[in-house]
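Residue numbers (mature numbering (1 follows the signal peptide of the UniProt record, and there is no 0)): -24 to -1, 1 to 831.
Backbone N, C-alpha and C fix where the C-beta goes; we use that ideal spot for every residue, glycine too.
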């Protein structure tokens, strides 16, 4: 994108990708070859940025060939261990000497993780024969998961259990075209066995300690780790530190397992866990990410959308879609609205913040949060998805990777430029250093954690955005991703990421998600006709496709009796086997079926002891009489209720408020809607697909991030300058409007303020006018407002500001916020007054687009 244009040649260039069916390629050029990988295509055939049907087929085939290269290396040098080391072609094994090496051991259970995690990638790529071959290998190798490995429940659930269930669906459902002749359902039996070994982590040893607090006593959560053979009685240090994602990211896998086996315990206990965690959300509707199992309490108030919290949001939305659950969709809407209100900044970045007060707590965002634009697409919020995705695109453009943590806030470096009388601009030097050394310092300060293990989240979101928009910009990203993967990341036995992206030091590990997710999503990006996402199909957080409807019961080859047989146990036999250990030391050995039975009995005996949901009264004008004859406001009070009561209260509050307001706001032009953020509607692309890149041609703020974050968006010395992939000549001329322009750099002051009558921050209802898209506020209560300083003054020489965002709602140029003249805080706050035109004045600043609405 530039301010220049190409008016004379544009008509010809526009037709080029539509008319050509051959490659502008030099077929005499050498084919790419490195180590034992040899491409079937030369570079001119692969990296031509035309995206014709034939070109997309080449990109797709190259991705598949690279996947098969890595798979073959794993099977030759890694199997039956979990991974293969890509640089020296040796098996990557658990750390058997150090049980506290959780970085390595959490996802490595001596259960052939790469084998299980990657098998449905063959289905996505259409290789049914290989899928059948893998199933046969698993059947011969694994009868159960009685393995002496202490693993993390979260990782084993998403990588192994999720893969088993997805593969089982494909093996039995003839509607998907991958059924396996003679398949007897053994994958589901393996999944059931593994599910039992994971679910027993919900057994707590110290429930009676909380007898004085029923809420804590019956709070449902799981320990983060267990031993697959000996159960969850492991070293306490491995059980204390849980996180919100670790406890609430079981509902898809456990829910599907329950429905396929007709054993409700898995879904019931995982669903209740989410409700219990959601009931402990703060007044801002945010959930902290750190949870201490010994205290049964959050031990870190920080929250965000990245590591430790990410899949809470993901599984709330996806569970609601997969199983048509209104309550979980309501959880998604409320939690996402809270993120838009308190976490999202002016550039679309979701900052980490204190869940109690909404204040930023860290300078960084992490690579795992790059999944979130894909989730926003799934929810129908395309505008915010594209805005956030641009952040990770800029990281990719500069670093050729997504840093594990990027310090987007310039705290570490801004003191170097305190001598400047203006804001920092790219090219400014640290006193005493030249350009190269200045960049070295700024680069180091911009990276919080320096590794990049080829995570899938960025390309995952790119895939979802392309499916939603058909914008060729996202294919250009995929093409560049493929080129860098092939030429930079390929290794003797698979692919290696970067241990340090500032120095280009290679990683010594290839995790299973490289094959199960990264290459899968890259393939799907190019396979535009793939039907994987049909009906209510969703991808789990590990990229395994799930779908569910009752007709699946017709295809299930596994009799219920065979699963019941798996749960049998005899007390006398177990005691006899325990022998002298039990007699003299009063210690029980772990028996899976006994613990599973005990858990089931205890859970269902206690499930109704505490109502699972917290409802906060949202009727602003609700009151109750007090004992002394006065009146007390109900608004904002929190009630613990059942699901049925929750919906009754919610509908009552909303109906009463809307009835009152409809009597005030009469007339067609004054009709209002409660969904002021528009989250209950799906946004659609604004232009016909593929004629040009709408994002690059129409987004005037495309380069805003480059100058806003010039101090922290750095380029490592080994990365070539001029690597902006969106202006690669062939792509730009074909797909970008030659008349497109960008906004000039500006540095207007922007700040936020909170408005609340007390420290509870109870959010009053916010409405949107159906006709004009303006905002209407019955009350000034529970508001987070973003203000932008304008280059003008009022008649009284007061500064003039403009509301640009209100509780997550972006207020466009020309948009207004209207306030009821009866709003309580108008008369109760000394720092709020009115102009002669009835517009708001806050702390001496005239807010030119926030005014009273007189009827």
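State the DSSP-derived secondary structure class of residue i, mapped to helix, strand or coil.
i, result
"residue 144", "helix"
"residue 627", "helix"
"residue 83", "coil"
"residue 7", "strand"
"residue 774", "coil"
"residue 599", "strand"
"residue 809", "strand"
"residue 347", "helix"
"residue 426", "coil"
"residue 2", "With a pLDDT of only 45 at residue 2, under the threshold of 50, the placement of this residue in the model should not be trusted; the figure read from the coordinates follows. Note: residue 2 maps to coil in three-state DSSP."
"residue 782", "strand"
"residue 266", "strand"
"residue 30", "helix"
"residue 828", "strand"
"residue 395", "coil"
Excluding the 5 residues preceding and the 5 following residue i in the sequence, name in chain order all residues of the same chain whose CB lies nearer than 8 Å to its CB.
i, result
"residue 140", "92, 163, 164, 166, 167, 170"
"residue 800", "733, 755, 756, 757"
"residue 400", "386, 390, 393, 686, 687"
"residue 329", "262, 278, 279, 280, 318, 319, 335, 336, 337"
How many Å lie between residue i and residue j at the Cα?
i, j, result
"residue 263", "residue 196", "16 Å"
"residue 106", "residue 360", "40 Å"
"residue 286", "residue 246", "17 Å"
"residue 707", "residue 26", "7 Å"
"residue 31", "residue 40", "14 Å"
"residue 236", "residue 518", "20 Å"
"residue 366", "residue 678", "8 Å"
"residue 712", "residue 675", "11 Å"
"residue 103", "residue 18", "24 Å"
"residue 9", "residue 152", "36 Å"
"residue 533", "residue 158", "10 Å"
"residue 834", "residue 685", "Residue 834 cannot be examined here, being either before or after the span of the chain that is shown, -24 to 831."
"residue 51", "residue 90", "9 Å"
"residue 511", "residue 129", "29 Å"
"residue 317", "residue 650", "16 Å"
"residue 423", "residue 694", "16 Å"
"residue 4", "residue 16", "Caution applies to residue 4, whose pLDDT of 49 falls short of 50 and renders its modelled position unreliable; the value that the coordinates give is listed next. So the two alpha carbons sit approximately 13 Å from each other."
"residue 21", "residue 460", "16 Å"
"residue 780", "residue 787", "5 Å"
"residue 13", "residue 7", "10 Å"
"residue 835", "residue 207", "Any answer about residue 835 is impossible in this case: the structure gives the chain only from -24 up to 831."
Less than 6 Å between C-beta atoms, sequence neighbours within five positions excluded: which residues of the same chain meet that for residue i?
i, result
"residue 740", "596, 755, 757, 758"
"residue 331", "258, 262, 264, 277, 279"
"residue 345", "281, 282"
"residue 445", "661"
"residue 56", "88"
"residue 434", "346, 368, 378"
"residue 244", "none"
"residue 339", "383, 385, 387"
DSSP beta-bridge partners for residue i?
i, result
"residue 744", "649, 751"
"residue 759", "731"
"residue 769", "775"
"residue 455", "Answer is none; residue 455 lacks a bridge partner."
"residue 575", "DSSP output for residue 575 lists no bridge partner at all."
"residue 207", "203"
"residue 592", "614"
"residue 341", "382"
"residue 127", "202"
"residue 278", "330"
With a threshold of 7 Å on Cβ separation, who are the neighbours of residue i within its own chain once the five nearest residues in sequence on each side are excluded?
i, result
"residue 251", "588, 589"
"residue 388", "421"
Any heavy atom of the ligand SAM closer than 8 Å to the beta-carbon of residue i?
i, result
"residue 484", "The ligand SAM is absent from the structure shown, which contains no ligand whatsoever."
| query | How do the stretch 178 to 194 and the stretch 108 to 119 stand: do at least 3 beta-carbon pairs fall below 8 Å, yes or no? | reply | no
| query | For the stretch 348 to 359 against the stretch 435 to 453, are there 3 or more C-beta pairs whose distance is under 8 Å? | reply | yes
| said: Tell me whether the stretch 95 to 113 and the stretch 59 to 73 touch, counting them as touching only if at least three CB pairs, one residue from each stretch, are closer than 8 Å. | reply: no
| message | Taking 8 Å as the cut-off, does the stretch 411 to 431 touch the stretch 380 to 393 (at least 3 CB pairs, one atom from each stretch)? | response | yes
| request: Count the CB pairs spanning the stretch 638 to 652 and the stretch 601 to 613 that are closer than 8 Å, and state whether there are at least three. | output: no
| task | Answer yes if the stretch 759 to 776 comes into contact with the stretch 612 to 624, meaning at least three C-beta pairs across the two stretches below 8 Å, and no otherwise. | result | no
| request: Evaluate the contact criterion for the stretch 212 to 229 versus the stretch 133 to 150: three or more CB pairs, one atom per stretch, below 8 Å. | output: yes
| field | Three or more C-beta pairs below 8 Å linking the stretch 490 to 499 and the stretch 199 to 215 | value | no
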